[in-house]
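Protein chains: 2
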Amino acid sequence: MANISDTIEKFIVSSLENNSSVDISRNSLAEYFSCAPSQINYVLDTRFTLDRGYIKESKRGGSGFIKIIKVQNTDTNAYLNNLITDSVGDEITEKRMGQILDKLLNDFVVTEKEKNIILMALSDDSLSMPFTIKDKVRAKSFKNVLTKLMNSSKSDE
Amino acid sequence: MANISDTIEKFIVSSLENNSSVDISRNSLAEYFSCAPSQINYVLDTRFTLDRGYIKESKRGGSGFIKIIKVQNTDTNAYLNNLITDSVGDEITEKRMGQILDKLLNDFVVTEKEKNIILMALSDDSLSMPFTIKDKVRAKSFKNVLTKLMNSSKSDE
DNA sequence: CTCCTTTTAGTCAAAGATGGTCAAATTACA
DNA sequence: TGTAATTTGACCATCTTTGACTAAAAGGAG
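Next up, the structure:
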């Protein structure tokens, strides 16, 4: 385990051990680990992805930053996580998504309005593209939304 | 958050907490924050925009001033209709959509959570497809969502 | 009144400070 | 040995800060 990316990953993970988010300076971190600044991006892009439960925000320019937010481990989140892995998969139809959203509405994870927004945004009509990829795009997007929902109470400053 | 612009923004926002408008003196404020007077313009131009619900008036010369007024949109449907036809068009970038959503948030058409849902559902990352069609799909879907918001703004919640 | 001076605010572009992207080069691994 | 993962650097994009120059309003001297 001699590679820098893994080391940087560990460093960030440990920074997140007792906090739900951490702010880093790309340049400082790069200097600290004696690597190219873009290596920080590489680590973030490959290890701190939405898929793995991380959300990122950043700002350039004076006093810029990169914020990494870890999705919390609550009951609701565990539930959402389950949905993501078990029910959504790599492809999903509009109808199946509707069923899942009904369940989420029932369990007070989303409001009626939020359900309708998601349904409309990812409807067959909205995703005007070949059927071969439509269900794939919908699955990817829907999973991203569900991940974001996990965090919707925490990350909003 | 060490940058002066953010500090000045906070100062002005807090001045507006209990009033719908505030008068400032550009030079005094610049002196107070030890910055260039034009920095005040920078803050005003980037943070107190119409998109974010502010309008400005000013006068030069002796006893000149800058007045910042907080406004809010009222006619939701006409406003959304306008957005759909004028601002979205056939293609839209993720960034531009974010700006529009900021405005909608400011005008209480969507909540922070709803904004985040739309942003995530139609983000570049979610719409994993060639760039040539990404902005088109986003525009189509976003307009559908806006239309839905229009119809539901009366009945929902 | 008219012109000049003073007092404000506005514009714009350069410089500085960060982070982002991409692809070539290198290294690790199956 | 060939493919995937990592490392690096050149170049790009965005946000902030500063200052020189411009524009407008008010007040006063004549």
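Line by line, the protein sequences are chains A and B. Position one of the first sequence corresponds to residue 1271 (my numbering), numbered consecutively onward. Position one of the second sequence corresponds to residue 1271 (my numbering), numbered consecutively onward. By construction, the Cβ of each residue, glycine as well, lies at the ideal position given by its N, Cα and C atoms.
Scanning chain B for C-beta atoms nearer than 7 Å to the C-beta of G1332/A yields N1273, reported in chain order. A residue is called buried once 16 or more other Cβ atoms fall within 10 Å of its Cβ, and F1318/B is buried on that count. Going by C-alpha positions, V1292/A is about 8 Å away from I1282/A.
Taking CB atoms only, M1390/A has a neighbour in chain B less than 7 Å away. By the Cβ-count criterion, D1405/B is buried, with 16 or more other Cβ atoms from all chains shown falling within 10 Å of its own Cβ. Under DSSP, no beta-bridge partner is assigned to E1361/B. A direct Cα-to-Cα measurement between T1355/B and A1306/A gives close to 45 Å. Within the same chain, and ignoring the five residues on either side of D1372/B in sequence, the residues whose Cβ sits closer than 7 Å to its Cβ are D1321, R1322. Straight-line spacing of the CA atoms in N1351/B and T1417/B works out to 8 Å. Straight through space, the alpha carbons of L1392/A and A1409/A are spaced by roughly 9 Å. R1296/B places its beta carbon less than 7 Å from that of I1336/B. Taking 7 Å as the Cβ-Cβ cut-off, the stretch 1364-1392 of chain B approaches chain A at E1382, K1383, E1384, N1386, I1387, I1388, M1390, A1391, L1392, given in chain order. Residues E1382, K1385 of the same chain have their beta carbon placed closer than 7 Å to that of L1375/A, with the five preceding and five following residues left out of the count. Using a Cβ-Cβ cut-off of 7 Å, V1313/B does not count as an interface residue toward chain A, since no Cβ of chain A sits closer than that to its own. For S1398/A, a Cβ of chain B is located within less than 7 Å of the residue's own Cβ. Looking at the backbone, the Cα of L1353/A and that of F1401/B are separated by about 29 Å.
Beta-bridge partners assigned by DSSP to Y1324/B: K1340/B. Cα atoms of V1407/B and D1345/B: separation of roughly 28 Å, rounded to the nearest angstrom.
The three-state reading of DSSP puts D1293/A in strand, counting E and B together.
Neighbours of D1394/B in chain A, taken as residues at a C-beta separation under 7 Å, are lacking, since the least C-beta distance is about 11 Å. Taking I1278/A as the centre and dropping the five residues before and after it, the same chain places the C-beta of L1299, F1303, C1305, Q1309, I1310, V1313 closer than 8 Å to its C-beta, in chain order. S1411/B is a Cβ neighbour of S1396/A, given a cutoff of 7 Å. Shown here for E1361/A: same chain residues with a beta carbon closer than 7 Å to its own, the five before and five after excluded, namely D1405, K1406, A1409 in chain order. Comparing alpha carbon positions, the residue from N1421/A, M1390/A, E1327/A, A1272/A closest to M1420/B is M1390/A. Judged by DSSP in its simplified three-state form, F1281/B adopts helix. Scanning its chain for C-beta atoms nearer than 8 Å, with the 5 sequence neighbours on each side dropped, one finds around K1340/B the residues L1286, S1290, S1291, G1323, Y1324, in chain order. Here the alpha carbon of N1414/A sits roughly 29 Å from the alpha carbon of S1333/A. The shortest CA-to-CA distance from E1364/B to any of S1398/B, F1378/B, G1331/B, N1347/B is the one to S1398/B. Spatial neighbours of Q1369/B in its own chain (CB-CB distance under 8 Å, excluding positions within 5 residues in sequence) are listed in chain order as D1321. K1337/B is outside the set of residues whose beta carbon lies under 7 Å from a beta carbon in chain A.
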